[in-house]
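Residue numbers (our numbering): 66 to 534.
We treat Cβ as the ideally placed atom computed from N, Cα and C, and that holds for glycine.
Note that the coordinates shown come from a computational prediction; the quantities given were computed from them, not determined experimentally.
In what follows, a single structure is set out as structure tokens and then discussed.
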Amino acid sequence: MGIASSTGLFSGLETGKIINQLMALERRPIDLLAKKKAGFEAKISSYGTISSVLSSLKNALSALKKNSFLSMSASSSDSNVFTASASSSASEGTYNIKINNIASSQSIYSQAFASEADAVADLSVSDTQKLRIWIGSNEHVDITIDSTNNTLTGIRNAINNANAGVKASVINDGAGYRLVLNSNSTGASSRIKIMVDEDGNGLFEETPAETDSAGLSRIAFNAAYDANGNVTGGIVNMTQSQAAVDASLLINGLAVSRSSNSINDLIAGITINFKKDSSGNTLNLSISKDDSKIMNNINALVSAYNSVMNAAKKASGKSAALDADSAVKAVAEGLRSVISAAYNDKTLLRFGLSHDRYGVLSLNSSTLESNIKNNLQDVINTFDAMANDLENKINGYINNLIPNRTNGAKDSIKFIESRIENIERRLDNKETAYRKRFIALEKALGGLQQSGDFLARQFDLISKINTKA
């Protein structure tokens with residue numbers, strides 16, 4: 066800085082301190098604007114909090130609508146054999162289940178090779194050969210075998226990279242290294258078929274050389290099967306170590322089979338997961354109404370509703386960010402009006418829900434339990450109507466009211482920031498002007514000091530001359 070940035074040389078004034086004090090006074094409008102900006106930022110934060118708890122309340126409503134209100138449970142008499150889950154569309158009932166076998170995926174392995182790096186195809190026949198792999202009736206995948214991948218590991222990687230529906234690996238079983246293929250899917254419809262084109266003419270299994278146990282055809286596999294999935298013939302240059310079979314069971318004496326161990330189309334609204342066969346035993350699957358889950362869902366509504374009310378109260382309290390904000394009052398009153406309304410001449414109070422004088426919602430569990438047992442359809446209809454009305458009300462708040470208030474606050478912040486920038490530029494110019502004035506003052510004082518020193522010297526000289534005379 067210039068001469069006026071610290072103590073004045075000639076004036077002795079602390080010019081730097083004086084300028085800082087002057088600028089502090091000039092910055093008061095900025096400080097006031099910054100305080101207003103912080104207030105709008107606090108409003109935006111509070112609006113965000115209220116929007117968040119409203120979204121949580123909306124989520125809690127989904128379990129109270131007619132299509133999901135009735136909660137069902139499914140239980141297995143032996144969860145080590147199978148488990149089950151129920152959706153709200155399931156019906157109460159009991160089923161006898163005997164699992165003969167679970168679904169399995171096919172696994173096959175090649176003859177033994179001395180090492181993972183052993184060549185599989187005889188590329189002297191053709192330097193480019195192909196494998197064609199099917200999984201059941203799916204579209205086949207062709208895999209090119211050439212000098213870049215003609216080893217057990219190379220073919221393994223090529224198969225896995227082709228996403229052919231099988232998982233390839235190389236395993237050393239002690240007798241040598243074998244290529245092992247496992248179908249990614251269970252069931253008889255997901256059996257593996259491998260055909261070979263050794264002469265590179267695009268035709269597979271064209272000649273005996275493409276089905277024998279030499280060259281690339283050593284991993285050909287195009288088998289025939291019996292009813293149990295056992296190999297009975299065909300081209301089987303690889304060996305089946307695990308058959309692909311469907312899950313087989315009796316349900317209430319009816320024989321059923323499925324390709325998967327997870328079944329969701331056997332009983333409406335029920336998903337069954339098989340773990341193992343039932344060892345000849347008949348087990349039970351029980352489906353019943355889950356009253357405890359209904360209670361939990363309604364308690365979740367109470368908790369989410371009270372969270373909104375608490376957030377609104379905190380945000381609109383004295384000296385709070387949204388003190389006297391009409392939007393917050395509208396949210397609280399709007400929600401309370403929906404909760405308190407009658408639906409088909411029935412209010413939630415009849416089913417155990419009530420407000421206290423502070424707006425806190427509470428649940429009388431005994432009253433609700435009694436109504437679930439004796440007036441279930443009334444409970445479902447009333448909560449469904451309330452949930453739809455409340456969701457519509459919440460959508461208006463989180464999609465319109467709160468965003469409009471938030472955007473208004475953001476616009477105010479932008480305006481304040483623009484004003485602050487303009488004042489900052491003006492104050493920069495003013496500070497520069499102050500410094501120039503103090504520099505000019507010091508120069509003027511310096512000039513006067515020099516003139517005074519000159520006159521003092523002249524007077525001293527004259528005095529000496531007069532003394533000599």
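Could you tell me if Tyr174 is buried or exposed, where buried requires 16 or more neighbouring beta carbons within 10 angstroms of its beta carbon?
For the purposes of this step, residue 174 is identified with residue 109 of the sequence shown, where counting begins at 1. With 16 or more other Cβ atoms within 10 Å, it is buried.
Going by other Cβ atoms of all chains shown within 10 Å of its Cβ, with 16 needed for buried, is Tyr423 buried or exposed?
Numbered from its first residue, the sequence shown carries residue 423 at position 358. By the Cβ neighbour-count rule, Tyr423 is exposed, with fewer than 16 other Cβ atoms within 10 Å of its own.
Where the alpha helix (DSSP H) containing Gln442 begins and where it ends
Numbered from its first residue, the sequence shown carries residue 442 at position 377. For Gln442, the uninterrupted alpha helix (DSSP H) segment begins and ends at Leu441 to Gly461.
Would you decide whether Ile198 is buried or exposed? Buried here means 16 or more other CB atoms lie within 10 Å of its CB.
Walking along the sequence shown from the start, residue 198 turns up at place 133. Flag for Ile198 reads buried.
Cβ pair Lys324, Ser254 closer than 7 Å:
The sequence position of residue 324 within the sequence shown is 259, counting from 1. The sequence position of residue 254 within the sequence shown is 189, counting from 1. A quick correction: the sequence has Ser, not Lys, at residue 324. Ser324 is a Cβ neighbour of Ser254, given a cutoff of 7 Å.
Neighbourhood of Asn215 by C-beta, 8 Å cutoff - its chain only, sequence neighbours within 5 removed
Reading the sequence shown from its first residue, position 150 is the one you call residue 215. Leaving aside the five residues that flank Asn215 on each side, the residues in its chain whose CB is nearer than 8 Å to its CB run, in chain order, Ala184, Val185, Ala186 and Leu188.
Strictly by DSSP, which residues pair up with Asn349?
The sequence position of residue 349 within the sequence shown is 284, counting from 1. For Asn349, which the question treats as bridged, DSSP gives the partners Asn161.
Check this for me: beta carbons of Asp388 and Ser136, under 7 Å apart or not?
Residue 388 sits at position 323 when you count from the first residue of the sequence shown. Residue 136 sits at position 71 when you count from the first residue of the sequence shown. Taking a C-beta distance under 7 Å as the contact criterion, Asp388 and Ser136 do not qualify as a contact pair.
Is the Cβ-Cβ distance between Val261 and Glu275 less than 7 Å?
For this step, residue 261 is matched to residue 196 along the sequence shown. For this step, residue 275 is matched to residue 210 along the sequence shown. Contact: yes.
DSSP beta-bridge partners for Asp262?
Counted from its first residue, the sequence shown places residue 262 at position 197. In DSSP, Asp262 forms a bridge with Lys195.
First and last residue of the uninterrupted alpha helix (DSSP H) at Met374
In the sequence shown, the residue the question calls residue 374 occupies position 309. Annotation for Met374: the continuous alpha helix (DSSP H) segment containing it runs Asp356 to Ser381.
So who's on the other strand from Arg323, going by DSSP bridges?
Against the sequence shown, residue 323 aligns to sequence position 258. For Arg323, which the question treats as bridged, DSSP gives the partners Ala312.
So, does the stretch 361-368 touch the stretch 380-395, judging by three or more C-beta pairs under 8 Å?
At 8 Å Cβ cutoff, the stretches do not touch.
Taking the alpha-carbon positions, what's the Asn543 to Asn429 distance?
Here the chain has residues from 66 to 534 only, and residue 543 is not among them.
Continuous beta strand (DSSP E) stretch holding Ile337: start and end:
Position 272 of the sequence shown, counted from the first residue, corresponds to residue 337. Ile335 to Phe339 is the span of the beta strand (DSSP E), which, as asked, contains Ile337.
Supposed contact pair Gln171 and Ala308 - C-beta distance, whole angstroms, cut 8 Å:
Indexing the sequence shown from 1 puts residue 308 at position 243. Indexing the sequence shown from 1 puts residue 171 at position 106. Ala308 to Gln171, Cβ: 6 Å. Contact.
Quick one: grab the DSSP three-state call for Gly67.
In the sequence shown, residue 67 corresponds to position 2, counting from 1. With a pLDDT of 40 at Gly67, under the threshold of 50, the predicted position of this residue should be treated as unreliable, and no value is reported.
Do the stretch 239-259 and the stretch 282-298 make contact, defined as three or more Cβ pairs closer than 8 Å?
Segments in contact, yes.
One question on the structure: do Ile164 and Leu314 come within less than 7 Å of each other, judged by their Cβ atoms?
Residue 164 sits at position 99 when you count from the first residue of the sequence shown. Residue 314 sits at position 249 when you count from the first residue of the sequence shown. Between Ile164 and Leu314, the gap from beta carbon to beta carbon is short of 7 Å.
Using a Cβ distance threshold of 8 Å, determine whether the stretch 331-339 contacts the stretch 148-167, with at least three qualifying pairs required.
Put simply, the stretch 331-339 touches the stretch 148-167. At least three CB pairs are less than 8 Å apart.
Can you give me the start and stop residues for the beta strand (DSSP E) that Thr297 sits inside?
Taking the first residue of the sequence shown as 1, we reach residue 297 at position 232. Where Thr297 is concerned, the enclosing beta strand (DSSP E) stretches over Val296 to Val301.
Take Thr471 as the anchor and find which of Gly113, Leu90, Thr447 and Gly345 has the nearest alpha-carbon.
Counting from one through the sequence shown, the residue named residue 471 turns up at place 406. From the listed residues Gly113, Leu90, Thr447 and Gly345, the smallest Cα separation to Thr471 is found for Gly113.
Excluding the 5 residues preceding and the 5 following Phe448 in the sequence, name in chain order all residues of the same chain whose CB lies nearer than 7 Å to its CB.
On the sequence shown, position 383 is the one that residue 448 refers to. Within the same chain, Phe448 has close Cβ partners Leu129 and Phe134.
Whole angstroms are fine: how far does the CA of Gln86 sit from the CA of Asp421?
Counted from its first residue, the sequence shown places residue 421 at position 356. Counted from its first residue, the sequence shown places residue 86 at position 21. Rounded to whole angstroms, the gap between the alpha carbons of Asp421 and Gln86 is 56 Å.
For Ser306, tell me which candidate among Ile109, Asn247 and Gly417 has the shortest Cα-Cα distance.
The count along the sequence shown starts at 1 and reaches residue 306 at position 241. Of the candidates Ile109, Asn247 and Gly417, the one whose C-alpha sits nearest the C-alpha of Ser306 is Asn247.
For Lys130, does the three-state DSSP call read helix, strand or coil?
Indexing the sequence shown from 1 puts residue 130 at position 65. The answer is coil: DSSP assigns Lys130 none of H, G, I, E or B.
Could you compute how far the alpha carbon of Arg221 sits from the alpha carbon of Thr251?
Here residue 221 refers to the residue found at position 156 when the sequence shown is read from its first residue. Here residue 251 refers to the residue found at position 186 when the sequence shown is read from its first residue. Approximately 21 Å between the Cα atoms of the pair.
Here's the rule: buried if 16 or more other CB atoms are within 10 angstroms of the residue's CB, otherwise exposed. What is Gly298?
By one-based count along the sequence shown, residue 298 stands at place 233. Residue environment for Gly298: exposed (fewer than 16 other C-beta atoms within 10 angstroms of its C-beta).
Residue range of the alpha helix (DSSP H) that includes Arg401:
Within the sequence shown, residue 401 is the residue found at index 336, counting from 1. In the DSSP annotation of this structure, the continuous segment of the alpha helix (DSSP H) that includes Arg401 starts and ends at Ser391 to Ser405.
With a cut-off of 8 Å on the beta carbons, I'd call Ser372 and Val118 a contact; round off their distance for me.
Counted from its first residue, the sequence shown places residue 372 at position 307. Counted from its first residue, the sequence shown places residue 118 at position 53. Yes, they are in contact, since the Cβ atoms of Ser372 and Val118 sit about 5 Å apart, within 8 Å.
Taking C-alpha atoms, which residue in Phe269, Asn132 and Ser153 lies nearest to Ala139?
Position 74 of the sequence shown, counted from the start, is the residue given in the question as residue 139. For Ala139, the closest C-alpha among the options Phe269, Asn132 and Ser153 is that of Ser153.
I'd like the list of long-range same chain contacts for Ala229, defined as Cβ closer than 8 Å, with 5 residues on each side in sequence excluded.
Residue numbering aside, residue 229 sits at position 164 when the sequence shown is read from its first letter. Non-local beta-carbon contacts of Ala229 in its own chain, meaning distances under 8 Å to residues more than five positions away in sequence, involve Ile198, Ile200, Val206 and Ile208 in chain order.
Under a three-way DSSP split, which group does Ile83 fall into?
On the sequence shown, position 18 is the one that residue 83 refers to. It is helical.
What are the boundary residues of the beta strand (DSSP E) that includes Asn287?
Working through the sequence shown from its first residue, we reach residue 287 at position 222. That run of the beta strand (DSSP E) goes Phe286 to Tyr290.
Supposed contact pair Glu456 and Lys131 - C-beta distance, whole angstroms, cut 8 Å:
Within the sequence shown, numbered from 1, the residue matching residue 131 stands at position 66. Within the sequence shown, numbered from 1, the residue matching residue 456 stands at position 391. The Cβ separation is near 13 Å, so there is no contact.
Roughly how many angstroms separate the alpha carbons of Lys232 and Asn302, rounded to a whole number?
Your numbering for residue 232 matches position 167 in the sequence shown. Your numbering for residue 302 matches position 237 in the sequence shown. In this structure, the CA atom of Lys232 is about 18 Å from the CA atom of Asn302.
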